[in-house]
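Residue numbers (the numbering used here): 35 to 311.
Notes follow once the structure below has been shown.
In structure tokens, the structure reads:
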């Protein structure tokens with residue numbers, strides 16, 4: 035997100051098409067004519083978390099976030115949407131992205147009597163948050179952002195990751211989807227191809243790159259090499275099934291995904307699983 039924001043104005047001024055694979059809503063809000071993004075909005079991730087908390091009767095939480103563009107943007111969305119979902123953020127702590135011990139931060143949250151923790155980052159520190167929280171006896175539910183959607187983070191946290199809840203694109207649970215789900219064929223095909231080639235579990239992040247490339251290819255196939263025609267084609271793309279969801283872009287929406295692009299997942303027996311409703 036931070037890297038995209040660093041070049042957003044440059045892309046706009048030079049009329050260079052930018053299809054970002056990052057999540058921050060500020061990438062497309064305010065709108066920029068030549069800037070699009072394929073990852074679901076971080077505001078949707080925040081709201082999905084709050085919807086789940088409401089189901090669980092959680093009202094008082096603690097927030098941890100890294101000092102990155104991703105962490106900053108997520109923290110802002112959590113703070114923005116908390117009131118309308120009846121959530122009180124009792125304490126919010128920002129940590130260095132290279133942190134190797136977050137015991138002090140989670141101890142503060144324990145002292146604040148929070149009913150749950152939300153951590154928002156994309157660094158290995160995600161696993162450290164989980165381990166340190168459990169090490170000090172903090173047993174409340176732990177929620178992660180969509181940045182947790184790489185099984186390596188769960189593995190790094192070990193048994194402490196069991197039960198962690200987070201929103202994510204369905205690509206990482208492709209085989210668990212109903213055959214009737216509109217994304218099933220696309221995400222399963224990508225998952226199988228990726229894992230066959232790279233011999234590792236798929237994550238959402240490569241999927242975003244795939245979506246961006248396929249959207250651009252589809253636009254060029256339709257509009258040819260004319261930059262403005264390609265831009266207009268992308269802006270009006272409808273019903274494109276990608277790994278992150280079904281894209282319906284418009285002149286007022288350069289992301290094209292809604293809140294249902296996210297599913298709520300959990301860690302169960304060391305693997306990602308759909309959270310039971």
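We put the CB at the ideal spot given by N, CA and C, even for glycine.
A residue is called buried once 16 or more other Cβ atoms fall within 10 Å of its Cβ, and residue 289 is buried on that count. Residue 303 sits in coil when the DSSP states are folded into three classes, being neither helix nor strand.
If you look at residue 200, you'll find it in the beta strand (DSSP E) that goes 199-202. For residue 86, the uninterrupted alpha helix (DSSP H) segment begins and ends at 76-89. Residue 152 and residue 202 have their C-alpha atoms spaced approximately 15 angstroms apart. A residue is called buried when at least 16 other Cβ atoms come within 10 angstroms of its Cβ; residue 186 does not meet this threshold and is exposed. Sequence-distant Cβ neighbours of residue 131 in its own chain, meaning closer than 8 angstroms and more than five residues away, are 100, 101, 102, 105, 155, 157 and 159. The Cβ-Cβ distance between residue 96 and residue 183 does not fall below 9 angstroms.
Sorting 112, 73 and 193 by C-alpha distance to the C-alpha of residue 80 places 112 at the top.
Secondary structure at residue 140: helix, using DSSP grouped into helix, strand and coil.
Secondary structure at residue 290: coil, using DSSP grouped into helix, strand and coil. In terms of Cβ geometry, residue 72 and residue 200 do not form a close pair [threshold 9 angstroms].
Inclusion of residue 94 and residue 69 in the CB contact set at 9 angstroms is not warranted, their separation being larger than that value. In this structure, the CA atom of residue 209 is about 34 angstroms from the CA atom of residue 51. As a beta-bridge residue in DSSP terms, residue 69 pairs with 52.
Note on geometry: alpha-carbon atoms of residue 298 and residue 263 lie some 37 angstroms from one another. In the structure shown, residue 308 adopts extended strand secondary structure according to DSSP, grouped into three states.
Counted as a single uninterrupted DSSP element, the alpha helix (DSSP H) harbouring residue 186 occupies residues 185-191.
C-alpha of residue 261 to C-alpha of residue 254: approximately 9 angstroms in a straight line. For residue 166, the uninterrupted alpha helix (DSSP H) run begins and ends at 159-169, by DSSP. Between residue 300 and residue 145, the CB-CB gap reaches or exceeds 9 angstroms.
Judged by pairs of C-beta atoms under 8 angstroms, the stretch 270-280 does not touch the stretch 164-178, as fewer than three such pairs exist. Annotation for residue 281: the continuous beta strand (DSSP E) segment containing it runs 280-282. When the Cα atoms are used, residue 191 and residue 169 turn out to be separated by approximately 11 angstroms. Residue 153 has 98 and 178 as its beta-bridge partners, per DSSP. Secondary structure of residue 126 (DSSP, three-state): strand.
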